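Working notes for the structure below.
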Amino acid sequence: MNRYTTLTLIALLVLVAALPAYLWREAQRMNAAQSGLRQQYVAEAGYLYIQNCAECHGPAGEGI
3 MNRYTTLTLI
13 ALLVLVAALP
23 AYLWREAQRM
33 NAAQSGLRQQ
43 YVAEAGYLYI
53 QNCAECHGPA
63 GEGI
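All residue numbers for the sequence shown refer to the working numbering, where the first residue is 3 and numbers rise by one.
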C-alpha cells in the first residue's frame, strides 16, 4: 500500500467511527436548541406586545 491509500483508509475509518457518535448526540442537541429558541421567541413576543399592542389591549391582553 502506498502512503496516500493508507491515509485515505485512516480518514475513512475516523469518519465511520465519528458519525455514530455524532448521531447519538443529535437528539439531545436538537432538544436543547429547541428549548433555547422557544425561550427566545417568548421573550421577543413579550417585547413586541408591550411595544405595539399593550396600549390598546392592556398589559394582560384584556382589551378595551
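All residues carry an ideal CB built from backbone N, CA and C; glycine is no exception. In this text the structure is predicted, and so the values were computed from the model without any measurement.
- Secondary structure of P61 (DSSP, three-state): coil.
- According to the DSSP assignment, M32 belongs to the alpha helix (DSSP H) that extends over 5-54.
- Distance from the CA atom of V16 to the CA atom of S37, rounded to whole angstroms, is 32 Å.
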